[in-house]
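Terminal number for the sequence shown in this note's numbering: 418, no gaps in between.
Below is one structure, written out as structure tokens; the observations come after it.
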Amino acid sequence: MSQKEKASKIRRNAKLDTPTSLGAEAKQDISGALNALLADFFALYLKTKNFHWHVSGPHFRDYHLLLDEQGDQLFATTDVIAERVRKIGGTTLHSIGHIARLQRVSDNDADYVTPLDMLAELREDNARLADRMRETHSMCDEHGDVATASLLEGWIDEAERRTWFLFEATRATEPGGRS
Ligand SMILES: [Fe+2]
240 MSQKEKASKI RRNAKLDTPT SLGAEAKQDI SGALNALLAD FFALYLKTKN
290 FHWHVSGPHF RDYHLLLDEQ GDQLFATTDV IAERVRKIGG TTLHSIGHIA
340 RLQRVSDNDA DYVTPLDMLA ELREDNARLA DRMRETHSMC DEHGDVATAS
390 LLEGWIDEAE RRTWFLFEAT RATEPGGRS
């Protein structure tokens, strides 16, 4: 990159450099972790909607509605995560391609997935998402970013609620279960 290009990149980045008293290292670490989480939220949102659209069988109505509710909750969080990144002076996701490069939640493009497998897969995805948010919370604590830590606490609770509902719904369909 030429000197001129470098200077113009610095000028462009400066326009997006929201003032914050968190240090440069905190901004970089927390933005990076939040953007990866944001990609996970989008990937899990779409997988949850995918299963909402394709679920079938005797528990259709219950599962269809449960997954719709969970999808709405995941989607509602995405904007708050992205804006938190901007508040601390970072830049966030730009595209579906950007999500695909960062997501750790794996897609499921199978033509048919049994309802039980759908719920079990989402249960694991939500549990892993909570684990990653706990790791990010520790990082925020190290940097003294109490606001991001506080947001994460709510999102962890929501992920644990989703996991709980998916766990109970999965149990109900096991042999000898309630239904
Ligand atoms: Fe729907």
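Every residue gets a Cβ at the ideal spot worked out from N, C-alpha and C, and that includes glycine.
Length of the line joining the Cα atoms of residue 260 and residue 281: As a working note, residue 260 is residue 21 in the sequence shown. As a working note, residue 281 is residue 42 in the sequence shown. Roughly 29 Å separates the two Cα atoms.
Chain-ordered residues, beta carbon under 6 Å from a heavy atom of ligand 1: 291, 307
Residue nearest to residue 272 in terms of C-alpha spacing, selected from 407, 388, 406: Taking the first residue of the sequence shown as 1, we reach residue 272 at position 33. Nearest C-alpha to residue 272: 388.
Three-state secondary structure assigned by DSSP to residue 263: The residue given as residue 263 occupies position 24 in the sequence shown. Residue state, collapsed to three classes: helix.
Proximal residues to residue 416 (C-beta, below 8 Å), its chain only, five neighbours per side dropped: Counted from its first residue, the sequence shown places residue 416 at position 177. Only weak support exists for where residue 416 lies, its pLDDT of 47 falling under 50; the value from the coordinates is given anyway. Here the set comprises 410.
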